Amino acid sequence: AQSVTQLGSHVSVSEGALVLLRCNYSSSVPPYLFWYVQYPNQGLQLLLKYTSAATLVKGINGFEAEFKKSETSFHLTKPSAHMSDAAEYFCAVSGQAGTALIFGKGTTLSVSS
Amino acid sequence: GAVVSQHPSWVICKSGTSVKIECRSLDFQATTMFWYRQFPKQSLMLMATSNEGSKATYEQGVEKDKFLINHASLTLSTLTVTSAHPEDSSFYICSARAEPGTGASGANVLTFGAGSRLTVL
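Right, here's the structure in full:
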């Protein structure tokens, strides 16, 4: 069985500051890990995914995440926050490619000027 | 790239009526689609896995007679909320898995629809 825990339901940063959104996973098999962003009243947009290749994954809009097996973590970072990054972010896991994703509870990112 | 379309994007209905939501893979074949439900400011909860030509597999606690899923073709799955009540009001999101060699880039990639917001009065 797989699960993810997102630490912090709400993160606030200033524009230009580092963004760090935390995700820890639990999986009985090597996991596939994902980060999605959701803007109000919209669907999900894939930011990046880890599928057992490189442990440092680069995604869209300047985001990246590092898979750390020893820490069972897959934290999402961005060096410099932009106002347009304000949204809901979800970490998700699956045990096999193409199977249903199990989502974390989400983290709301607020960016202030 | 792979595109999944959901229709309608927004629907309001009266209590007791049934509502059908469509999920279409526009440029690839999807033998498997997944239906999620999202309550306001909450995460996505997997409701069921829809397989083309066979019965859907429902997650524990999801009423299969309440949420009818039909996956009649390789590009279309439908979710029908029967006898809807206000507590069924939610955001419903589907995702489709692109099968290798079916026209989508990236085998076994899950693509999400934009979601359908249901409000039951």
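Just so you know, the sequences run in chain order H and E. With the numbering used here applied, the first sequence corresponds to residues 1 to 113, in that order. With the numbering used here applied, the second sequence corresponds to residues 1 to 121, in that order. Using N, Cα and C, we set each Cβ at its ideal position, and we do this for glycine too. Bear in mind that the values here come from a model prediction, so they are computed numbers and not experimental data.
**Message:** Given this structure, state the Cα-to-Cα distance separating E15/H from S50/E, to the nearest angstrom.
**Reply:** 42 angstroms
**Item:** When F39/E, H71/E, E99/E, N70/E are compared against L118/E, the one with the closest alpha-carbon
**Value:** F39/E
**Request:** Please look up how many angstroms separate the CB atoms of L20/H and H75/H, rounded, as I've assumed it's under 8 angstroms.
**Result:** 6 angstroms
**Prompt:** Taking only beta-carbon atoms, is G104/H less than 8 angstroms away from chain E?
**Reply:** yes
**Prompt:** Hey, out of S26/H, L18/H, F34/H, whose CA is closest to G98/H's CA?
**Reply:** F34/H
**Request:** Identify whether E64/H lies in helix, strand or coil by the three-state DSSP scheme.
**Result:** strand
**Asked** Which of the residues in the region 31-47 of chain E, read from start to end, lie with their CB under 9 angstroms from any CB of chain H?
**Response** T32, F34, Y36, Q38, K41, Q42, S43, L44, M45, L46
**Prompt:** Using DSSP with H/G/I as helix, E/B as strand and the rest coil, what is A83/E?
**Reply:** The sequence given here places Ser at residue 83/E; Ala does not occur at that position. Reduced to three states, the DSSP call for S83/E is coil.
**Asked** Opposite Q38/H in the DSSP bridges: which residues?
**Response** L44/H, E88/H
**Prompt:** Using the rule of at least 16 other Cβ atoms within 10 Å of the residue's Cβ for burial, across every protein chain shown, is I69/E buried or exposed?
**Reply:** buried
**8 angstroms CB neighbourhood of S52/H in its chain, flanking five on each side removed** = P30, Y32
**Interfacial residues, the region 84-99 of chain H to chain E, with Cβ spacing under 9 angstroms** = E88, F90, A92, S94, Q96, A97, G98, T99
**Request:** Would you kindly work out how many angstroms separate the C-alpha atoms of S18/E and D88/E, rounded to a whole number?
**Result:** 11 angstroms
**Asked** So, is the C-beta of L7/H closer than 8 angstroms to a C-beta in chain E?
**Response** no
**Asked** Identify the residues that DSSP records as bridge partners of S73/E: which are they?
**Response** L76/E
**Item:** 8 angstroms contact criterion, which F28/E and A98/E should meet: CB distance rounded
**Value:** 5 angstroms
**Prompt:** Relative to the C-alpha of T108/H, which residue among I102/H, G95/H, F90/H is closest?
**Reply:** F90/H
**Item:** Spatial distance of I60/H from S54/E (CA atoms)
**Value:** 36 angstroms
**Prompt:** In chain H, what lies closer than 8 angstroms to G113/E by C-beta?
**Reply:** G43
**Asked** If you compare alpha carbons, which of D65/E, Y36/E, C94/E, E63/E is closest to L76/E?
**Response** C94/E
**Item:** Given S26/H as reference, the closest of V111/H, K105/H, S94/H, S112/H once Cα atoms are compared
**Value:** S94/H
**Message:** Would A86/H and S110/H be called neighbours here (beta carbons separated by less than 8 angstroms)?
**Reply:** yes
**Item:** Below-8 angstroms beta-carbon distance, L21/H vs any chain E residue
**Value:** no
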